[in-house]
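Notes follow the structure.
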Amino acid sequence: MRRTEAHQGVRMIKFSSILSRYEAAEFSQAEAAELLGIGERTFRRWRQRFEDEGEAGLLDRRLGKASGKRVPSDRSEEVEALYRTRYAGFTAKHFHEHLVKEHNFSWGYTWTKDLPLLEGFAGESEASRGSSAQARAASASWHDAASRRLDACVAGGPAGARSDCDFG
């Protein structure tokens, strides 16, 4: 059983319990809605659906359906084919710009950069990935040296090391 299905079952049990207490006039509609953590209007809708359809009326109708914002699989295959045949080697950003401008692609950049065939190419060319790796290595060695100097200053190291402690 998936988590959503379990959550839905708990919601049905809780609703049934509170609905029976509401119908027994133990508390008002507003109090019943508050106990469920929903608005009064939602409580009225759920109650009506429960009366009309039973427990099936309380099922979340969105479960098991694809999102309306999802890129259709045929369009996805078309985009992958375009990349392989016409735009191979483009960065994800550059590829997405061409998709929007030349192919009427209306989905977001995030979808484009997350394509499996573009893994690791999100906005970086091969040359810039190499140079950025060198920059990260240089920055790391500088950081290590500065950290060692600071440790020597804090520990009150040898007199020669203390002259490096003037950070002002």
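Going by my numbering, the first residue of the sequence shown is number 18, and it counts up by one from there. The beta-carbon is built from N, C-alpha and C at its ideal position, and this holds for glycine as well.
(request) Could you tell me the distance, in whole angstroms, from the CA atom of residue 72 to the CA atom of residue 82? (result) Straight-line Cα distance between these residues: approximately 20 angstroms.
(message) Excluding the 5 residues flanking residue 139 on each side, which residues of the same chain have their C-beta closer than 7 angstroms to its C-beta?
(response) Low confidence applies here, because residue 139 scores a pLDDT of 49, under 50, leaving its location unreliable and the question unanswered by this model.
(message) What does the alpha-carbon distance come out to for the pair residue 17 and residue 45?
(response) The question about residue 17 has no answer, for the chain in this structure spans 18 to 185.
(request) Look at the Cβ atom of residue 126, then the Cβ atom of residue 113, and state whether they are nearer than 8 angstroms. (result) Between residue 126 and residue 113, the gap from beta carbon to beta carbon is short of 8 angstroms.
(request) Alpha carbon to alpha carbon, how far is residue 86 from residue 31? Give it in angstroms, no decimals. (result) So the alpha carbons of these two residues sit roughly 32 angstroms apart.
(request) In the DSSP assignment, find the alpha helix (DSSP H) that holds residue 67 and state where it starts and stops. (result) Its alpha helix (DSSP H) spans residues 57–70.
(request) Assign residue 139 to one of three DSSP states: helix, strand, or coil. (result) Only weak support is given to the placement of residue 139: the predicted model assigns it a pLDDT of 49, under 50, and the question is left unresolved by the model.
(request) Output the boundary residues of the alpha helix (DSSP H) element that contains residue 102. (result) For residue 102, the enclosing alpha helix (DSSP H) has its first and last residue at 90–102.
(message) Once the 5 residues before and after residue 56 are set aside, which same chain residues still bring their CB inside 8 angstroms of it?
(response) Take residue 56, set aside five residues on each side of it, and the residues of its chain with a beta-carbon closer than 8 angstroms to its own are 50, in chain order.
(request) Look at residue 75 and residue 29 and say whether their C-beta atoms are less than 8 angstroms apart. (result) Going by C-beta atoms, residue 75 is nearer than 8 angstroms to residue 29.
(request) Whole angstroms is fine: what's the gap from residue 98's alpha carbon to residue 78's? (result) Each residue's Cα considered, the two are about 34 angstroms apart.
(request) Note down the Cα distance separating residue 103 from residue 89, rounded to an integer number of angstroms. (result) Taking the Cα positions, residue 103 is about 21 angstroms away from residue 89.
(message) Here's the rule: buried if 16 or more other CB atoms are within 10 angstroms of the residue's CB, otherwise exposed. What is residue 135?
(response) Note on residue 135: 16 or more other CB atoms within 10 angstroms of its CB, so buried under the neighbour-count rule.
(message) On the criterion of 16 or more Cβ atoms from any shown chain inside 10 Å, does residue 19 qualify as buried, or is it exposed?
(response) Classification of residue 19: exposed, given that the 10 Å Cβ count is below 16.
(message) Quick check on the burial criterion: 16 or more other C-beta atoms within 10 angstroms. Buried or exposed for residue 186?
(response) With the chain running from 18 to 185 in the structure shown, residue 186 is simply not present.
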